[in-house]
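Asker:
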Amino acid sequence: MDEKSKAVSYLKAATATALIMLFFSACAAIKDKVNNEDETAEKTVKDNVYLEDQNVGGMTESEVLEIIRNIAAKTENKAEMILQESKNEQDKNNTSMKKVNIEKTLQAVLNASEGERVEIVEEPVIPNDTTAEKAIQKDNIPEEAAPAQNKAKKENESESKLKLIAKSSTPLLNKSKSRLNNIDLAAEKIDKKVINPGEEFSFNAVVGRRTEEKGYEEAPIIVKTENGPKKDYDIGGGICQISTTLYNAAEEAGLKITERHVHSKDVGYVERGEDATVSYGTMDFKFVNTRKKPIVIRILRGKETLTVKLYEKRD
26 MDEKSKAVSY LKAATATALI MLFFSACAAI KDKVNNEDET AEKTVKDNVY LEDQNVGGMT
86 ESEVLEIIRN IAAKTENKAE MILQESKNEQ DKNNTSMKKV NIEKTLQAVL NASEGERVEI
146 VEEPVIPNDT TAEKAIQKDN IPEEAAPAQN KAKKENESES KLKLIAKSST PLLNKSKSRL
206 NNIDLAAEKI DKKVINPGEE FSFNAVVGRR TEEKGYEEAP IIVKTENGPK KDYDIGGGIC
266 QISTTLYNAA EEAGLKITER HVHSKDVGYV ERGEDATVSY GTMDFKFVNT RKKPIVIRIL
326 RGKETLTVKL YEKRD
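Quick note on my numbering: the sequence shown kicks off at 26 and runs consecutively.
1. By a C-beta neighbour count over all protein chains shown, 10 Å radius and 16 as the cutoff for buried, is L282 buried or exposed?
2. List the endpoints of the continuous alpha helix (DSSP H) containing Y336.
3. Let me check understanding here. Comparing Cα to Cα, which of P222, D78 and V295 lies closest to R142?
4. So what's I247 in DSSP terms, helix, strand or just coil?
5. Among the residues of its own chain, which have a CB less than 7 Å from the CB of E243, if the five just before and after it don't count?
6. I'd like to know if V321 contacts chain B, where contact means its C-beta is closer than 8 Å to some C-beta of that chain.
7. Quick check on DSSP: helix, strand or coil for Y258?
8. So, does the segment 307-327 touch the segment 209-221, judging by three or more C-beta pairs under 8 Å?
9. Find out if the Cβ-Cβ distance for the pair A278, A137 is shorter than 8 Å.
10. Which term fits V125, buried or exposed, when burial requires 16 or more other beta carbons within 10 angstroms of its beta carbon?
11. Are the segment 71-85 and the segment 311-320 touching, with three or more C-beta to C-beta distances below 8 Å?
12. Quick one: residues in its chain with C-beta nearer than 7 Å to the C-beta of K129, no 5 flanking neighbours on either side, listed in chain order?
13. According to DSSP, which residues form a beta bridge with E148?
14. Sorted by chain position, which residues of the same chain lie with C-beta nearer than 6 Å to L198's C-beta, five sequence neighbours on each side aside?
15. If we ignore side chains and look at the alpha-carbon of each, how far apart do K256 and G233 end up?
16. D300: buried (16+ other C-beta within 10 angstroms of its C-beta) or exposed?
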């Protein structure tokens, strides 16, 4: 074999060796990546696991957490309704309420075997005089012009003239500063709003146009495109959670819904189809007070939930 042939053979062997080394190196890298992804991947529920009567098999940890939070909010609503409708202090103090232990319920679902049925983990809450009193007083509508010396008297009178008729809470899954700012600005416009019998409430009319001049910021929204719904950003993003929560409260109170639109994509904080999207000038949320007495809207944005309460004014 001449020198040229030897050189060619050597080059081929070296190239083959290099390719083999690269192949095994790539395989090792892929394996490490898969292992890392497995370590950080979100937990999923085993097949055909039921939470009460709902099949949550195959769902991710965050999806199950969202379902449990919604159940917890509804349980809290029922408990507070019982407390508010108790006829006297003794009834309130003797009322045994329950709350959902979200963390324990979530872990029970994640640890469940295939085909297992998991019950909601509840804990009893028995209010005493102080907690019962606070539960009622925190919902007072203050008389802004009342003299200081008559403030307590006015609040007590206001309290006795209100009856809780509906409450809805939704979890704040996205707590970005801009989104919470938008929610707070819109809630400020609606909170303490009085709707008289036969009067129609319009979300867009009460809140107004959402602009930067009014303090609204860019936040996530869902937009409908030719290729399907997608996430985007716009001024006033996030306030649909208020219209959605208010819609569910209005439904619970049996009020007549005159205009409502659903998002083109699941919003996450309520079950699909139970939402109410709004867009100034195109989509509004409206309802009519079909009751015989005026209704007062109260809105509270907590750390974890957004709550809307509807009260009926008594004679």
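For each residue, glycine too, the CB sits at the ideal point set by N, CA and C.
Answerer: Reading off the structure:
1. Correcting the residue identity first, residue 282 is Ile in this sequence and not Leu. Under this definition I282 is an exposed residue.
2. Unbroken run through Y336 is the beta strand (DSSP E), T330 to K338; no alpha helix (DSSP H).
3. D78
4. strand
5. S203, Y258, D259, I260 and G262
6. Among the protein chains of the structure shown there is no chain B, as only one such chain exists.
7. strand
8. yes
9. no
10. buried
11. no
12. V146
13. K124
14. G293 and Y294
15. 24 Å
16. buried
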